[in-house]
Every structure is written in C-alpha cells, then in structure tokens.
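Participant:
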Amino acid sequence: MLKHLFKLIWNKKKQNFLLMTEIFFSFLIMFAVFTLAVYNYQNYRRPMGFTYDDVWALSYYSKDRSDMSEDSLNLFYETLKQAIGNAPEVAAVSYVSNNSPFSMSENSSTISSGKQNVMTDHYSGDDDYPRVLQPVLLSGRWFGREDDGAKLAPVVINQALKEEFFPGEDAIGKVMKVGDREVRITGVVQNMKDKGDYKSVRPAIYQRTGKGSYAWLSRMLIKVKPGADAGFESRLYKQVAGIMQDANVEIEHLTEKRVVKNSITLIPLIIFGVIAGFLIINVSLGLFGVLWYTISKRKAEIGLRRAMGATGGAITRQVVSETMVLTSISVVTGLIFAVQFPLLNVFFMPKGVYIIAIVLAALFIYALAVLCALYPGRQAANIYPAVALHED
Amino acid sequence: MLKNYFKIAIAVLRRRKFFTFISLFGISFTLAILIVLTAFYDHLVSPAYPDHQRSRSLYLNSIELNHRKKQSHNQGPPSLYFMNKFVATLKTPEKVAISSIFGPTNTYVNNRKLVINVKYTNTAYWEVQEYDFLEGKPYSMQDLDAGSRVAVISRETKENYFGDAPTVVGRYINTNNEQFRVIGVVDNVPKTMLYSYADMYLPYTLSKTEMANKSYNSNFTAILLARSEKDLPAIQSEFAAMIQKVPLDSAQYDEIKGSVDSYVASFTRIFNGGGSSAAAVRRLIVYVSIFVFLFMLLPTINLVNINTSRIMERSSEIGVRKAFGASSGTLAIQFIVENLILTFLGGIIGVLLSWAVLSIVNGSRLIPNAHLGINFTVLGASVLACIVFGLLSGVFPAWRMSRMQVVTALKAN
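Line order of the protein sequences matches chains A and B. Position 239 (the first sequence) corresponds to 522 in this note's numbering; numbering is contiguous. Position 150 (the second sequence) corresponds to 145 in this note's numbering; numbering is contiguous.
#1: What are the complete alpha helix (DSSP H) segments, minimum 4 residues, inside the stretch 254 to 304 of chain B?
#2: Pairing CB atoms from the stretch 566 to 577 of chain A with CB atoms from the stretch 295 to 310 of chain A, are three or more of them under 8 angstroms?
#3: Using a Cβ cut-off of 8 angstroms, pull out every chain A residue sitting near S304 of chain B, in sequence order please.
#4: Leaving out five residues on either side along the sequence, give the residues of the same chain with a beta carbon under 8 angstroms from the beta carbon of Y578 of chain A.
#5: Do V415 of chain A and I440 of chain A come within 9 angstroms of each other at the CB atom, strictly closer than that value?
#6: Going by DSSP, what residue range makes up the alpha helix (DSSP H) through V603 of chain A?
#7: So, for V629 of chain A: in the same chain, excluding its five sequence neighbours on each side, which residues have a beta-carbon less than 8 angstroms away from its beta-carbon?
#8: Check for me: the alpha helix (DSSP H) holding Y120 of chain B runs from which residue to which?
#9: Would you report the Cα separation of L288 of chain A and A597 of chain A, rounded to the nearest angstrom?
#10: Any beta carbon from chain A within less than 9 angstroms of T25 of chain B's own beta carbon?
#11: Give, in chain order, every residue of the stretch 366 to 388 of chain A whose Cβ lies closer than 9 angstroms to some Cβ of chain B.
#12: Would you tell me roughly how many angstroms separate the C-alpha atoms of R309 of chain B and L643 of chain A, rounded to the nearest one?
#13: Who pairs with Y676 of chain A in a beta bridge, going by DSSP?
#14: Strictly under 9 angstroms for the Cβ-Cβ distance: is V532 of chain A near chain B by that measure?
#15: Grab the span of the beta strand (DSSP E) containing K114 of chain B for me, first residue to last.
#16: Beta carbon of T102 of chain B, beta carbon of T372 of chain B: below 9 angstroms?
#17: Given a limit of 9 angstroms on CB to CB distance, which residues of the stretch 286 to 299 of chain B reach chain A?
#18: Please give the ranges of any alpha helix (DSSP H) in the stretch 144 to 218 of chain B, keeping only runs that are unbroken, at least 4 residues long and fully inside the region.
#19: Taking 9 angstroms as the CB-CB cut-off, is V7 of chain B touching chain A?
#20: Who are the Cβ neighbours of A652 of chain A in its own chain at under 8 angstroms, not counting the five residues just before and after it?
#21: Do R395 of chain B and I328 of chain B have their C-beta atoms closer together than 9 angstroms?
#22: According to the neighbour-count rule (16 or more other Cβ atoms, all chains shown, within 10 Å of its Cβ), is I648 of chain A buried or exposed?
#23: State the Cα-Cα distance for the pair N408 of chain B and K295 of chain A, rounded to the nearest angstrom.
#24: According to DSSP, is H366 of chain B helix, strand or coil?
#25: Out of A:S352, A:S395, A:M387 and A:A375, state which residue places its alpha-carbon closest to the alpha-carbon of G408 of chain A.
#26: Taking Cβ positions, are A559 of chain A and A315 of chain A nearer each other than 9 angstroms?
#27: Against chain A, with Cβ distances strictly below 9 angstroms, would T100 of chain B count as a contact?
#28: If Y497 of chain A sits next to L341 of chain A, beta carbons under 8 angstroms apart, how far is it from one beta carbon to the other, in whole angstroms?
#29: Are the Cβ atoms of S213 of chain B and S95 of chain B separated by less than 9 angstroms?
#30: Taking the CB atoms as reference points, tell me whether V676 of chain A and I394 of chain A lie closer together than 9 angstroms.
#31: With 7 angstroms as the C-beta to C-beta threshold (strictly closer), list the residues of the stretch 284 to 303 of chain A near chain B in chain order.
#32: Chain A beta carbons: is any one of them nearer than 9 angstroms to that of I301 of chain B?
#33: Apart from the five residues on each side of it in sequence, which residues of its chain come closer than 6 angstroms, Cβ to Cβ, to V390 of chain B?
#34: CB L29 of chain B to CB A376 of chain B, shorter than 9 angstroms?
#35: In whole angstroms, what is the alpha-carbon distance linking K225 of chain B and T84 of chain B?
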C-alpha cells in the first residue's frame, strides 16, 4: 500500500515538487518558532528565585569620588543608608552593583576552581541584600558581620554554578578563584531570574560590598512596606537629592522595570510569531487550494475506483494518505537540517529544546496537512461514478 | 491589446473566487508586512525632525580604549572633556554639536511622579539640530559660559508639568531637586532618535559630574556638520589623524580607536567594534536582504503553485490560441501581465492594510512621539516588491504553459 502511494507521488514528482518545497520551508519555520517558544516557556516556568514587589531601585549618578579618603566615603554612605533605613515606610536597604534586577546592565567574567573555568555573572550586594530581595537559600548562609575578620572574601553562589563546579557535593566552605583573588563560598542560593521572566539559567556569584567598594557603587535597592505611596517616594527623593547635592538621582520600581524587561523579550517574539502565523495561513490555504484543484482533475480516476467498488471512506483515506506521504518526504528533508542544531550545538541552547521543537513542528505540519486534505478528500468521496465517468 | 489582457484577467479572477482570494491574501499580507517593516526602518534611519541634515553630518557615539598587553578593553561614549578638547577643535567641520545621552531624573508634581530625561548640550547643538521652537529660544554662549540655570523643554514636558498654561517661558521647572528657568519650548522628538531625544535640554556647564570628569569615557555624543557633502571624507581623515595623537595614560591604556561615521554606521559600529563602518553597513544590508528574500520565498512558492494550477485549468484556451498561431512568447507575456495585474491589486490592498496597521501603531504610542507613515521611499519599495513578486510568481507557470503541446492542451478538457 505504502509502496503504491510512493509510486503515485513519484509519478507526479514534477507537480508535487513545489508543494513539497513549500511544506519543507514551513517545517523549518515552525521549527524556529517552536524552538523559541519552547525555550522561553521553559525559562518562564522556572521560579523567579526572589521577590520584587515593593522594591525600589534608587540610582545616584554622582561625580567620581575616588579622590575622597576611604574613611570619609564609608561614613558618608553608611550614614546615607541609615537615614533611608530609619524611615518607618522602609523595611530594608542594600547597596547593589549596577546589574541589579531588571536593569539593562550585565557583568560577567570567568571564575575558576581547580582547572575548570566557567563564565559567570557577577553581582554585588551588602549584608542586607537577602532582606530586600529574599533569595531562596539552599544551603549555608548569606555573608554578614561574622565574615569581617575572615582571611578570604565570602561569596554566595547560585545553584547553576554549584552544579558546574561541585556536582553532588557540598559547596560550603570551598575555595574558588575570582581573577587572581581567592574567595570562600558561604552559601548557595536558588537560581534567580533577575533579568526578566524569560531569562535562562546562568551561573552567578554574589560578592559582598561594603567598606572599600562605595567609590564605584551607584545604586541601592529599597524594600518598602506595603502602603508606601508616591508621597513617601517624593519625600525620599528630596531627602537623598538633598544629601547628594551633586548627583543625578532616580527612583524606579522593580515591578515596572520587570514589565519593560519582559516586553523586550516578548515584542520580537510576537512580531516573529505574527509573521510565522501569516506564512502558515498562507501555506495552508495554498495546500488546500492545490489539493482541491488536483482532486477535481482526477475525477475520472476516482469515479473509476468508485465504480470498481471502493467506498467513500477508502477514497478519503487515499487522498489523506497521499498527502501524508508528501508531507513525510518534506519533513524528513527538513529533519536533516533541523537535527544539525542539537548536533552542532548552534546558539548554545539545551538539546532538549531542539528535540521538543522538532517533534512539535513535525506534529504541527502533519496536523496542518491532514486538515487541508480532509475537505478535498471528502469532496472526492462524494463523486458519483456515473457522473464522473460520463464526463470524460 | 493591454486592455484585452486586463479584461481577460478580471474575468479569470472572478471565475475561481477561492483561488483569487488565496492569491490576494498572500500578496497583500506579504506586502503589508514588508511595508510596515520598511516604515520602521525608514523611521530609524532617514533624516527626520530635528535631525534634517544627516546627509552632511558625521556622528560619534563611541570610542574604544585598549590595553593590548593586559587585554583590557573599554568601549563606550566619550566624555565631555574628550569632545571639547579634541573633537570640537577640528578645523574642517562647520559646526560640532555636543550633547550627552539623555539621562532620567525624577520630579514630583501633585504626588505624581514624572520622569524627565535630561540632555546636556553645547550651543552649536541648536544650530546643527533644527528644532521647531514653539516659544522662546535656545540658550546662548553667554548662558553657557556663565552656567545660567536655564532650560529648553519639550512640548510633552510642558504639558505634563505645567498643564494647559498657554506660555511657560520665564517660569520655573523643578527636577532632581533643582530649579531651572524655562527659556524655550521645542516640539517633541521620538525616543528612537538617540542624538536628539530629550525632555529637557540644559547647558553642559550645569553638569557638575561631567565638568569634573577628566577621563575619556562618559556619555557624550557629537554631530560634526560639514560645509558640504564633499567635505565628509576630509573630516573623517582629520579625525583619524587627531585620534592617533590623543595622549594616553600608558598604565591604563595604550591604544585608542574611534571614527566619525554616517548615521547608520555610527550604530552598526557598536556591534562591529573597530572594523570598517562601510563593511558593517554592507553586512547589515546583506542580512536584511536575506531576511526579506526568505520571508518572500514561501508566499511566492505558494503563488507559483496556485498559478500553475490556474493556468493548467485554462489549457483549452491556451490550446485554441496556440492553434490559431499565438507564439509561446505572446502567451507567456499575457500570463505575466495577468499576474502583474493580480499582484498590483494585491499591492493596493496591501498598502491599505499597512496603512491600517501603521495607524494602530501610531495610536498605541508604541514609540512615543513617532509618526510612522507610508512615505515615498516605502511606497516605492512596495511597488518594486510588487513587480518582483509578480514576475517571480508569473514566470515559472508561464514558462511551463508555453511548453505545452497544442494537442495535449486541446485534449485536456
């Protein structure tokens, strides 16, 4: 039966060639769409790993203060933090590096442990960081006062970095190298999706800010209590701008920044989806039209088959299976291209994403082909042998 | 003759309405998407208010500092210090406009937060960028030198801050806990124009952080206006000679790179690093062409498919015409003309569709203050796309048809 179908397709290869090219390209486009969709959906499903409601980012872009003595810098910034923290509306305050949640800036470099090197995102926060963002601690503890006298600087790493360096063992107390500097791990936190809901997992390290780092810091995160309104925001703003006369101060809400950051991922995806959707509608209409036309051309042949006793169902089945064979040839050709992506590790996406995307794209194309073939197939089944044979 | 073809085409279109619908759907949506994308591209790159003089302007938004031994690398906008000391002193440009990249400040009006993006500029900026002053005027050299606390604001800022006040020149605006006297109001600029957009413009002497900054990196951009387009290469070579002589603190960096480019190239350079800007623009064009080609491929194959079916359906007509002496060429031309007519019909629908989409985009304020429109470049591009589309999808079926034997054609139906 199958062999017979292939023969039928092969005999009309010229006619079918364009149709197959079309299905082939549609498969590739759907593969791309599903890859992006699956990738982003998998990222979206992972937990955030921290809270961002009621957290404000206060940035101060001031002049270069590196000429100030370290002591007066420390005093200045610690007083500022205290002044903000003392307000009844504020729950917690932490100085952070510029790559704070949902900001555009990123900061990464390689970290080594033994002979292994891993590209890692670097974040900084002070001892109050966990009170502001509430990261989920998996083991160990966040750095704090007790690390003041430690010989090696304390760091917290995320789950992904732990899996890279210490799979299956306890990472607490282990030593790593950041540049030339040795650091000791005090805690492991859950991966945080700090660059939006669709951020992929990346190894990250959290370093301690404090004395000596104020010269290059320019942002703090403030967790406010529910009910802190625009009135408080303007008072806070006036207070900070009053203390830092020469700085450009800005307050942003993380909830709003998250929306912006997500839309940067979503808008291209939506545009791409709309274009792909249009192409697919185009293809399905074309497929439908051409199948319909070819069926009407084959009236005589189908009439003859019906006269020989074939049922309407059998005719429909034949039309649909012919289309399936046609689709299979295109999909298999498409597969040859698609499997290169997981094999060659293009774009560094997880292999699973490509495989799911291939399966989904193939299913989608088959479903589309069957849907487009069903109506012309039914049409063919309704051909009366007497009428069909009479025509010729 | 052409009138005859037109009549035949319309008759054929009306006979098989479903096929006509598929063809028109494919053509019109493909064109609509292309027109919308071109409108976005056009909005991003062609000269527009207030940057009208792009054809004789060169732009600088990034320099690169390297230490080759330490492998350290720093790329970003230059500082005001660098601009004033090295760029503004170039001899060939007529004027050099210097401005910072807009930076947000907050202000609170009636318990409502307002984000005001501030840009610090020199006075030449107002001569290079041709703003429409709705009231007042820009700040003068005296204002700049004296560090007067004066500001030019955008219409949007005026509306947000002062409400429906008829005139605001002479009134005070408070942001970042500082007070500025408004001396001018200019029409809004869309945020996509990095060199021109801001809500409030201030003399650069008011930027305390920047006046104290003696390093080469910060957040300033420059526009170098040439006397005529012929001067552009001369400015580029003067800049190249200048940047080689910039003194460097060898402990930090031992190499400085940078160049002034045309508008598009100044952005492609950011992705391209130190490479030649012409090559980057060429690459951009190649990528865009590949995308457009791939995008148009599917609808075109689809159209070819449908056209083939359509033409084969008319084999008896072809047979008769051939039998009466029409050459293959005549027939092929007839079908191509028919197809072009169909494509143009689809093109008209496509223009209408894209017009609808663009009005929605403009209405949704996806890009605030931007007005995307179907201008002549966009329309020209779409007409060209129509012709390419029509030929692409018409040639193959016409060729297949013209090879058909008279006997087969006549016998077929």
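Even for Gly, the Cβ is constructed at its ideal location relative to N, Cα and C. All values reported here derive from a predicted model rather than from experimental measurement.
Facilitator: According to the structure shown:
#1: 258 to 267
#2: yes
#3: G572, V573, Y576 and T577
#4: Sequence check: residue 578 of chain A is Ile here, not Tyr. Setting aside the 5 residues that flank it on each side, I578 of chain A is surrounded in the same chain by I585, V602, P659, G660, Q662 and A663, each with a C-beta closer than 8 angstroms to its C-beta; the list follows chain order.
#5: no
#6: Going by DSSP, V603 of chain A is part of the alpha helix (DSSP H) stretching over G595 to A621.
#7: Q623
#8: Residue range A119 to V123 is occupied by the alpha helix (DSSP H) that includes Y120 of chain B.
#9: For the pair L288 of chain A and A597 of chain A, the Cα-to-Cα distance works out to about 14 angstroms.
#10: Yes, contact with chain A.
#11: none
#12: Roughly 40 angstroms separates the two Cα atoms.
#13: Here chain A covers residues 284 to 675 and nothing more, so residue 676 of chain A does not appear.
#14: yes
#15: R107 to T116
#16: no
#17: L289, F290, L292, L293, P294, I296, N297, L298 and V299
#18: 150 to 157 and 203 to 207
#19: no
#20: I306, L570, T606, M607, L609 and T610
#21: Against a cut-off of 9 angstroms, the Cβ pair of I328 of chain B and R395 of chain B comes out as no contact.
#22: buried
#23: Residue placement at N408 of chain B cannot be trusted, given a pLDDT of 48 that sits under 50; what the coordinates show is reported in the next sentence. N408 of chain B and K295 of chain A: Cα-Cα distance of roughly 19 angstroms.
#24: coil
#25: A:A375
#26: yes
#27: yes
#28: The pair is not a contact, with the Cβ atoms about 15 angstroms apart (cut-off 8 angstroms).
#29: Yes, these two residues count as a Cβ contact at 9 angstroms.
#30: No answer is possible for residue 676 of chain A: it lies beyond the span of chain A, which begins at 284 and ends at 675.
#31: L301 and L302
#32: yes
#33: none
#34: yes
#35: Distance between the alpha carbons of K225 of chain B and T84 of chain B: 20 angstroms.
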